[in-house]
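Engineer:
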Amino acid sequence: MITPVGAAASRQAIEKAVAVLHRGGLVAYPTRCLYGLGADAFNGDAVGRVYRVKQRPTDKPLSILIPDRQSLEQWVAEVPPVALRLMERFWPGRVTFVFRANKTLPAGLLGGTGRIGIRLPAHSVARALVSAFGRPVTATSANLSGTPGSVSVSDMAPEVVRQIDLILDAGRLQGGTGSTVVDLTGDRPVVLREGVVPAAEIESA
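Our numbering puts the last residue of the sequence shown at 192; the count rises by one with no breaks.
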């Protein structure tokens, strides 16, 4: 099912999406650059569906969206001081930060790494969705693993679209390389993937 939402989703659209997540379904949602694929991060069956739909190896962890910075400490073992400085600069959006996961997060998300990537979304629809849902939602692109992300619903692979329960269609997004991924589990930040924020900007922050 495709629900047009524009730049901001109606309350009814968000309520519909939240209901899908609660029953273990999958929701495609817009971010600033690409469409994401969301599931209840605490529903093992739903997370398994994400892996199957994307044909993603299960040893590759999934990131999550959170509704606000205050909820971060619920999901991570430690928030190092450098994380606070970087989050102040780059959140919401643009950067996914990797932390050591605490024991509240399901192992199925972590791919055996013990680490979790977390992002605070900038797009109003993604932010409204995770805020209304009240707990983390998976943050991975709505595509087949190893293929380019989707900037519009028409870009999504048909075999992916068929398996998504609800698509929040905000039209064509700005595109790009997605979020920059920064590992904060060591002595210093390490850029694992350079995305919309250049590595040099992270290193100088």
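All C-beta atoms in this analysis are idealised placements derived from N, C-alpha and C, irrespective of residue type, glycine included. Nothing here was measured: the structure is a model prediction, and the numbers come from that model.
(1) Going by DSSP in three states, Phe120 sits in which element: helix, strand or coil?
(2) Examine the Cβ distances between the stretch 124 to 140 and the stretch 14 to 26 and report whether three or more of them are shorter than 8 Å.
(3) Could you check which residue in Ile151, Ala70 and Asp55 has the C-alpha nearest to that of Ser128?
(4) For Pro145 and Leu116, I'd like the C-alpha separation in whole angstroms.
(5) With distances taken Cα to Cα, identify the nearest neighbour of Arg159 among Val140, Arg175, Gly173 and Val147.
(6) In three-state DSSP terms, what is Ser(-3)?
(7) So is Arg114 buried or exposed if we call it buried at 16+ other beta carbons inside 10 Å?
(8) CA-CA distance, Ala(-4) and Leu179?
(9) Got a sec? Which residues, its chain only, sit under 8 Å from Phe(-12) by beta carbon, not counting five neighbours each side?
(10) Just to confirm the assignment: which complete beta strand (DSSP E) runs, minimum length 3, are found wholly within the stretch 9 to 82?
Structural biologist: Quick look at the numbers:
(1) helix
(2) yes
(3) Ile151
(4) Their backbone Cα atoms lie some 24 Å apart in a straight line.
(5) Val140
(6) In the structure shown, Ser(-3) sits in coil (DSSP, three-state: anything other than H, G, I, E or B).
(7) Classification for Arg114: buried.
(8) If I take the Cα positions, the gap works out to 32 Å.
(9) Position check: residue -12 holds Met in this sequence, whereas Phe was assumed. So the list reads Asp152, Leu153 and Ile154, once near-sequence residues are dropped.
(10) 14 to 17, 22 to 25 and 50 to 52
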